[in-house]
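This report refers to the structure that appears directly beneath it.
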Amino acid sequence: MISFARSNRSRAFTLVELLVVIAVLGLLAGLATPVLGRARLAGQQATETAAAKSLITAYLAAAQDQSGVLLKGYDEEGQACDSQGTPFQLGSSQASRWPWRLAPYLNYQLEGAILVNERANALDPNDPNQSYLVSASPSLGMNSYFVGGHEYGQPAYSYVTNGICVTRLAQAVKPSQLIVFSSARGADPMRGKNVDGYYFVTSPQSSPKWPAAWSASGSAKAYGQVRLAYAEKAVTAQLDGSVSLLNFSELRDMRRWANEAAKQDNPNWKP
């Protein structure tokens, strides 16, 4: 009599079958890793783009409050308070740099505007140096040599006194091109590498002049603290309220940085 009863003995994988399964899983993991990396980068780009829009909206609101006068990127006589309303000492980095002076126009919502992605992840309210770090390393830096003004150091502030720097909304010839904020990075001497965020960025013709080609591993200062993290493109916010994603070639156009270059229609203008 033939028995159809199921055997209680389970069939084990052979060594060959196990090796095949491991190889397939490894292949799938290898395929998934770059896909996940691209998805993560796309998410970071979207987050930074939204932050740029929030920053430029707040910046224009501040200008409207001041009858068209633009907020300085660095103001030695600047006044600012923290989110609790406590004033920073006059002349301190927190009072002088733009982030805390712009914060009221963002309802002090630092995360998602002034700090995003890597910088937001580093936010620690319990760190006694947190207010300084916010002022020093916002995710996007300001083109303050040519927009608003930068009183700290020369020749930056001389651009204000000789009329090259735009200090009022009405002065901009092509506000749709004029960069106010850009993705930024700075050098971390403690870790010996570049990290996201810096409070100002400088143009390709400022000192030091940018190299001819982009290098992600190059020093932050060599490229004016500008960060090209998204397929070698940077998020920028312009004075008309628009937000763009610009590549290295586009960023080398001085008409995007300086009003005088736009007036002369000269992409290679030198300050």
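When we follow our numbering, the leftmost residue of the sequence shown carries the number 7, and every step to the right adds one.
Backbone N, C-alpha and C fix where the C-beta goes; we use that ideal spot for every residue, glycine too.
None of these values were measured; they are calculated from a predicted model.
So which of the options has the shortest CA-CA distance to residue i?
i      : options                        : result
Glu266 : Leu251, Arg258, Pro277         : Pro277
Asn300 : Pro210, Val172, Tyr229         : Lying before the first or after the last residue shown, residue 300 is absent from the chain, which here runs from 7 to 277.
Glu82  : Ile28, Gly159, Tyr138          : Gly159
Ala45  : Pro273, Gly247, Ala237, Met260 : Ala237
Gln270 : Gln51, Ser150, Ile170, Gly79   : Ile170
Ser150 : Leu77, Trp220, Pro214, Gln50   : Leu77
Leu252 : Ala264, Leu245, Ala235, Thr92  : Ala235
Cys87  : Ala219, Trp220, Val140         : Val140
Asn113 : Ser98, Ser60, Ser164           : Ser60
Val172 : Ala69, Gly36, Ala128           : Ala69
Using 8 Å as the threshold, is the C-beta distance between residue i and residue j below it?
i      : j      : result
Glu117 : Ala109 : no
Ala240 : Val249 : no
Leu334 : Gly74  : Since the first and last residues shown for the chain are 7 and 277, residue 334 lies out of range.
Gln90  : Ser137 : no
Ala190 : Val153 : no
Met148 : Phe187 : yes
Ile62  : Gly247 : yes
Pro210 : Leu257 : yes
For my contact list, residue i and residue j are in at a C-beta cut-off of 8 Å; report their separation, rounded to the angstrom.
i      : j      : result
Ala67  : Tyr111 : 5 Å
Gly192 : Ala226 : 5 Å
Glu124 : Asp194 : Rounded, the Cβ-Cβ distance is 11 Å, inconsistent with contact.
Gly79  : Gly32  : Not confirmed; about 50 Å, so no contact.
Trp220 : Phe254 : 4 Å
Ala268 : Val207 : In fact, because the Cβ distance is near 18 Å, the residues do not count as touching under 8 Å.
Pro181 : Leu96  : Not a contact, Cβ separation roughly 32 Å.
In the DSSP output, what is residue i paired with across the bridge?
i      : result
Cys171 : Looking at the DSSP assignment, Cys171 forms no beta bridge with any residue, so it has no partner.
Ala240 : Leu252
Tyr80  : Arg103, His156
Gly192 : Val201
Glu117 : Leu121
Met148 : Phe187, Phe206
Val232 : Ala190
Using beta carbons (cut-off 8 Å, strictly below), is residue i in contact with chain C?
i     : result
Thr92 : Although the question refers to chain C, the structure presented lacks it and comprises just one protein chain.
Inter-stretch contact at 8 Å, needing at least 3 Cβ pairs: the region 139-150 / the region 96-105: yes
Stretch-stretch touch, CB-based, cutoff 8 Å, three pairs: the region 132-141 with the region 51-67: no
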